[in-house]
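Q: Once you've had a glance at the structure underneath, I'll fire off some questions.
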Amino acid sequence: MLKWAFIAFVLGFSFSSAYASGNKHNMDWPNPQEKLVYYSCGCADSCWVADLQDKVKNTSKIELWCDCETMHLKIKGVEKPYDGECKSFENEDKFDRITAEIAKIQALNKSKNKK
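Converting from the sequence shown to the numbering used here requires adding 424 to each position, the first position being numbered 1.
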């Protein structure tokens with residue numbers, strides 16, 4: 425049992441260390457025509473960028489980021505006001521939360537464009 429706990433700890437640490445390195449990483453994303461790219465930019469967990477990109481056009485669709493204090497949102501190159509707080513993404517479920525938030529923003533944006 426202790427062996428499996430150690431392995432789980434090492435794998436979890438390796439996963440979080442890879443995301444914290446500042447290198448770009450693809451996160452899980454359900455649409456094969458898009459990719460969700462994440463990278464950290466400093467301030468421990470408080471500076472990061474998540475960029476939903478169109479794979480075919482190689483363009484940014486939705487960019488959500490935290491600059492250590494303030495959340496920002498850019499949709500197709502246009503910065504929009506965003507009410508989120510950096511602290512709400514500094515938990516164990518950070519990557520799941522980022523993915524869910526990007527999906528929510530995308531759904532809201534699609535519904536606004538249909539009107």
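For each residue, glycine too, the CB sits at the ideal point set by N, CA and C. Bear in mind that the values here come from a model prediction, so they are computed numbers and not experimental data.
Is it true that the region 514-525 meets the region 469-488, where meeting means three or more beta-carbon pairs spaced less than 8 Å apart?
A: Verdict: yes, contact present.
Q: Under a Cβ-count criterion, where at least 16 other Cβ atoms within 10 Å of its own Cβ denotes burial, should residue 487 be classed as buried or exposed?
A: Burial call: buried.
Q: Given that a residue counts as buried once 16 or more other Cβ atoms are within 10 Å of its Cβ, and exposed if not, what is residue 409?
A: No answer is possible for residue 409: it lies beyond the span of the chain, which begins at 425 and ends at 539.
Q: Quick check on residue 447: does DSSP put it in helix, strand or coil?
A: In this structure, residue 447 counts as coil in the three-state DSSP scheme.
Q: By DSSP, does residue 477 sit in helix, in strand, or in coil?
A: Residue state, collapsed to three classes: strand.
Q: From which residue to which residue does the beta strand (DSSP E) around residue 517 run?
A: Counting along the chain, residue 517 falls outside any beta strand (DSSP E), and DSSP gives it neither H nor E.
Q: Looking at the strands, I want to know which residues DSSP matches up with residue 458.
A: DSSP output for residue 458 lists 478 as bridge partner(s).
Q: Throw me the rounded Cβ distance for the residue 458 and residue 478 pair, which I believe falls under 8 Å.
A: About 6 Å separates the two Cβ atoms, so the contact holds.
Q: Going by beta carbon distance, what residues of the same chain come within less than 8 Å of residue 530, once the five residues before and after it are set aside?
A: Contacts found: 476, 485 and 486.
Q: Start and end of the beta strand (DSSP E) containing residue 500?
A: Per DSSP, residue 500 belongs to no beta strand (DSSP E) and is neither H nor E.
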